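Chemist: Quick note: the sequence shown uses our numbering, first residue 369, plus one each step.
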Amino acid sequence: MSGAQEIDVAQLARARAARYRKLVLAGRVGTLVFIVGAWQLLTDYKIIDPFFAGSPLGIIERLADWFTHGTAYGSFWYQIWVTMEESLLGFIAGVTAGVFFGVLLGEVPLLSDILTPYIKVVNALPRIVLGSIFVIWLGLGLPSKVMLAAVLVFFVVFFNAYQGVKSVDRNLVNHARILGASRLEVVWHVVVPSATSWIIASLHVALGFSIIGAIVGEFLGAQHGLGLVIATAQNNFDTDGVFGAMLIIGIIAISAEGLMAMAEKRLLAWRPARTNDNNAGGI
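1. If I'm right that V521 touches G462 with Cβ under 8 angstroms, what's the distance once you round it to whole angstroms?
2. Kindly indicate which three-state DSSP category G548 falls into: helix, strand or coil?
3. Per DSSP, what kind of secondary structure is G509 in: helix, strand or coil?
4. So, do the segment 606-620 and the segment 417-424 have three or more beta carbon pairs nearer to each other than 8 angstroms?
5. Does the beta-carbon of A518 have 16 or more other beta-carbons within 10 angstroms, so that it is buried, or is it exposed?
6. Can you list, in chain order, the residues of its chain with a C-beta nearer than 6 angstroms to that of F502? Leave out the 5 residues immediately preceding and following it.
7. Assuming G466 contacts A563 under a Cβ cut-off of 8 angstroms, what Cβ separation, rounded to an integer in Å, is found between them?
8. From D412 to N604, what distance separates their C-alpha atoms?
9. Helix, strand or coil: how does DSSP classify G398 here?
10. Per DSSP, what kind of secondary structure is G581 in: helix, strand or coil?
11. Could you tell me the alpha carbon to alpha carbon distance between A582 and E454, rounded to whole angstroms?
12. Tell whether a beta-carbon distance below 8 angstroms holds between M628 and L575.
13. Strictly under 8 angstroms for the Cβ-Cβ distance: is P485 near chain B by that measure?
14. Go through the segment 399-477 residue by residue and report every complete run of the alpha helix (DSSP H) that reaches 4 residues or more, in order.
15. In whole angstroms, give me the CA-to-CA distance for I482 and L588.
16. Check whether the Cβ atoms of G474 and K534 lie closer than 8 angstroms to each other.
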């Protein structure tokens with residue numbers, strides 16, 4: 369194949385990928401417009417009761433009121449910040465502990481055999497029960513929410529890190545040892561980089577779990593936060609308020625996911641690029 373032909377093929381592939389992205393974007397926007405429009409029409413014509421189902425316009429009005437006049441617990445912006453702070457701290461703590469213990473138990477079989485039953489028992493406990501215990505131990509403030517978020521994140525990251533360590537090519541480890549690398553150097557320069565794909569793959573799920581942990585903790589008992597706002601709206605039969613707070617949580621989650629995707633792209637820049645032929649084919 370000549371150079372000109374190669375350029376034409378590359379340009380065609382890029383054009384197909386661009387058309388595919390536009391089609392996906394149009395599909396997403398169209399789906400959103402259809403759902404919101406149908407929801408509003410169904411409530412306007414009383415086909416469904418807006419008292420129980422809420423309505424898009426009612427949600428917008430409730431959010432506008434919260435952003436303008438605040439909530440019963442203070443500024444709505446402050447409630448958002450509290451939940452984000454709890455989620456972020458829980459995410460950092462859970463990821464750090466999950467990676468550390470995943471690598472440690474993956475590299476030390478004896479320690480893994482001793483602790484595995486206890487890890488499985490704790491992982492099987494209902495998270496809402498743990499949240500209640502943390503509220504009793506740590507009170508209604510930030511620490512109990514961070515702890516619950518960290519626990520949810522920990523198990524997701526731990527199991528992926530542990531499996532990633534177990535999946536490392538042992539020939540690479542043996543070669544590093546033959547070259548005189550110490551145990552710590554092998555772990556740092558061979559094991560951890562090899563398990564990075566596993567660990568980063570778990571971060572997308574862990575990020576959502578950190579937000580869930582913070583919200584559930586606030587729902588069980590809190591002084592501030594979006595979970596408390598949702599609980600109050602629920603107690604007041606304010607369906608628009610419940611959906612409005614959930615909408616803000618969704619926006620936070622999708623924004624954090626976008627940042628995570630950017631970080632993943634930078635951290636895994638060494639991987640060979642994957643083709644989009646299967647996605648863009650036929651478009």
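Idealized CB from N, CA, C, for every residue including glycine. Predicted, not measured: the structure shown is a model, and the values here were computed from it.
Modeler: On the basis of the supplied data:
1. 3 angstroms
2. coil
3. coil
4. yes
5. buried
6. S512, M515 and L516
7. Not confirmed; about 12 angstroms, so no contact.
8. 22 angstroms
9. helix
10. helix
11. 6 angstroms
12. yes
13. The displayed structure is made up of one protein chain only, and chain B is not part of it.
14. 418-421, 424-437 and 444-475
15. 33 angstroms
16. yes
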